[in-house]
Amino acid sequence: MTTVRIPAGWPATEEEARAVQDGLRARLVLDEPGPPPGTGRVTGVDVAYDDERDVVAAAAVVLDAASLEVVAEATAVGRIPFPYVPGLLAFREIPAVLAALDALPCPPGLVVCDGYGLAHPRRFGLASHLGVLTGLPTIGVAKNPFTFTCDPPGPGRGASSPLLAGEEEVGRALRTRDGVKPVYVSVGHRTTLSGACAHTLALTPAYRLPETTRRADALCRRALRTATAPRA
DNA sequence: GCGACAG
DNA sequence: ATCTTGTCGC
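Just so we're aligned: the first sequence equals residues 16 to 247 in the numbering used here.
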């Protein structure tokens, strides 16, 4: 476990944060195919909070993309750097996530985020932000449609429908389990939407959510408990 | 102007 | 995100 250091100049206001998004968005790379699903490594990142004690814990879990076995994992703990504001989630999560990624003993490969990438009011959600800051290919897999709209995908696993911001397809509602509500997939950085969906399906052999996020979720909660546990 | 809104 | 027990179903 490492300690999070909030970057100098981290935004303090919503206005500053939105300006950062508008500035970094130009660095997004959206014309790369991304890594092929089922090969190399895939890393899940997630964050848990104790607002009461002002503690944030992040986890990064590296899986072998073919076997989905855990290859490596790391956690980071620190203070909460930004309040939760819809559209500005990245400023709350990223410092801890970067610290956890830095603590990994091996390259992460594709990073799977719990949240959105291009499906964002300014087309720069958590997954895109993390991708630009790290240079890594990223995708976002969220549990809710946020403010976007979509028709329900067909009932079978693999069915999908466009996630729309007006006329623009910003992501896809993707059914990962028969008859279970879909997840919402969007491109983060250096990936394509169809590739992001293919990765998501490869990561969901048994549950609605990707193995990456399930592992990272469990690990960051554990790290938060440990960090806030009363001292002996 | 008011409410809704990833985690 | 987080607060929270049992319960229905494969």
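In this text, a Cβ means the ideal position worked out from N, Cα and C, and glycines have one as well. Quick caveat: nothing in here was measured; it's all calculated off a predicted structure.
Check                                                                                                                                                                           : Outcome
At the level of alpha carbons, what is the spacing between residue 198 and residue 179?                                                                                         : 14 Å
Check whether the Cβ atoms of residue 185 and residue 223 lie closer than 8 Å to each other.                                                                                    : no
If I measure Cβ to Cβ from residue 242 and keep anything under 7 Å in the same chain, skipping five residues before and after, which residues do I get?                         : 70, 72, 92
Excluding the 5 residues preceding and the 5 following residue 114 in the sequence, name in chain order all residues of the same chain whose CB lies nearer than 6 Å to its CB. : 17, 19, 91
With which residues is residue 79 paired in a DSSP beta bridge?                                                                                                                 : 56
Measure the CB-CB distance between residue 228 and residue 79 and report whether it falls below 8 Å.                                                                            : no
I'd like to confirm the pairing. Which residues does DSSP put opposite residue 154 in its beta bridges?                                                                         : 127, 202
Relative to the C-alpha of residue 59, which residue among 140, 125, 138 is closest?                                                                                            : 125
For residue 147, collect the residues of the same chain with a Cβ closer than 7 Å to its Cβ; drop the 5 residues on either side in sequence, then sort them by chain order.     : 39, 42, 43, 204
Tell me which residues share the same chain as residue 170 and place their Cβ nearer than 6 Å to its Cβ, disregarding the 5 neighbours each side in the sequence.               : 194
Let's see if you can read the secondary structure: which residues bound the alpha helix (DSSP H) around residue 85?                                                             : No alpha helix (DSSP H) contains residue 85, which is instead part of the beta strand (DSSP E) from 85-93.
Using the Cβ count rule (16 or more neighbours within 10 Å means buried), how would you classify residue 82?                                                                    : exposed
Please identify the residue among 135, 34, 152, 37 whose C-alpha is closest to the C-alpha of residue 46.                                                                       : 152
Would you grab the beta carbon distance between residue 154 and residue 132 for me? Rounded to a whole angstrom, and I think it's under 8 Å.                                    : 6 Å
Enumerate, from N- to C-terminal direction, the unbroken beta strand (DSSP E) stretches of 3 or more residues contained entirely within the segment 156-190.                    : 175-180, 183-189
Between residue 76 and residue 67, which are expected to be in contact by the criterion C-beta below 8 Å, what is the C-beta distance as a whole number of angstroms?           : About 26 Å separates the two Cβ atoms, so there is no contact after all.
Can you tell me the Cα-Cα spacing of residue 144 and residue 245, whole angstroms?                                                                                              : 35 Å
Bridge partners for residue 18 per DSSP, in chain order?                                                                                                                        : 92
Given a cut-off of 8 Å on the beta-carbon distance, is the pair residue 37 and residue 137 in contact?                                                                          : yes
Taking the alpha carbon of residue 187 as the reference point, which residue from 98, 156, 139 has its own alpha carbon closest?                                                : 156
Does DSSP classify residue 62 as helix, strand or coil?                                                                                                                         : strand
With DSSP collapsed to three states, give me the class of residue 244.                                                                                                          : coil
Let me confirm a value: residue 100 is counted as buried when at least 16 other C-beta atoms fall within 10 Å, else exposed. Which label applies?                               : exposed
How far does the alpha helix (DSSP H) with residue 216 in it reach, from first residue to last?                                                                                 : 208-217
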